[in-house]
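Down below is the structure, laid out as structure tokens.
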Amino acid sequence: MTEAKQGDTVRIHYTGTLQDGTVFDSSEGRDPLEFTVGSGQIIPGLDNAIPGMAEGEAKTVNIPVDEAYGPVNAEARQDVPRSDIPAEITLEEGLQLQMQTPQGQVVPVTVASVNEDTVTLDANHPLAGKDLTFDVTMVEVKSA
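Under this note's numbering, residues 599 to 742 are what the sequence shown spells out, in order.
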């Protein structure tokens, strides 16, 4: 049976959970996730767990913060005047918005807090600062 190695294209089914068991993502009911091993298309901890897996093999992978989405970066939180946000947007904690940098790059942000004068926007990935667990099943290995 073919085992996955760096440079191979693989297809996996997965379920990602937080430490408390909450599911944050799954390929259940969808096509398997396809990517090239070692290409940086997925988080490092999961990418590093794939080499050596054979088709049909399943395993559970525990991924620490540093190999997932990294620690929460305080500098990725920004207070902006409420007046800078269009009035038609009903602001509430957890709302996801998009900002544009001066260079034109679109950055997804989450409303962290709102008061009369200020809105705190958070550009950290929603899973930053969290250890993750993935249940992974290798569906297919296409050798490089």
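Using N, Cα and C, we set each Cβ at its ideal position, and we do this for glycine too.
* Asked: In chain order, what residues of the same chain lie with their CB nearer than 7 angstroms to the CB of residue 722, ignoring the 5 residues before and after it?
  -> 670, 671 and 674
* Hey, out of 605, 720, 715 and 691, whose CA is closest to residue 705's CA? -> 720
* Where does the unbroken alpha helix (DSSP H) through residue 647 begin, and where does it stop? -> 642-647
* Asked: Between the beta-carbon of residue 643 and the beta-carbon of residue 626, is there less than 8 angstroms?
  -> The answer is no: Cβ separation not under 8 angstroms.
* Asked: Do you know how far the Cα of residue 716 is from the Cα of residue 676?
  -> 10 angstroms
* Under 8 angstroms between C-beta atoms of residue 632 and residue 739 -> No, they are not a contact pair.
* Asked: Ordered along the chain, which non-local residues of its own chain (more than five positions away) have a Cβ less than 7 angstroms from that of residue 736?
  -> For residue 736, where only same-chain residues beyond five positions count, the Cβ hits under 7 angstroms are 602, 608, 610, 651, 652, 653, 654 and 655.
* On the three-state DSSP scale, how would you describe residue 711? -> strand
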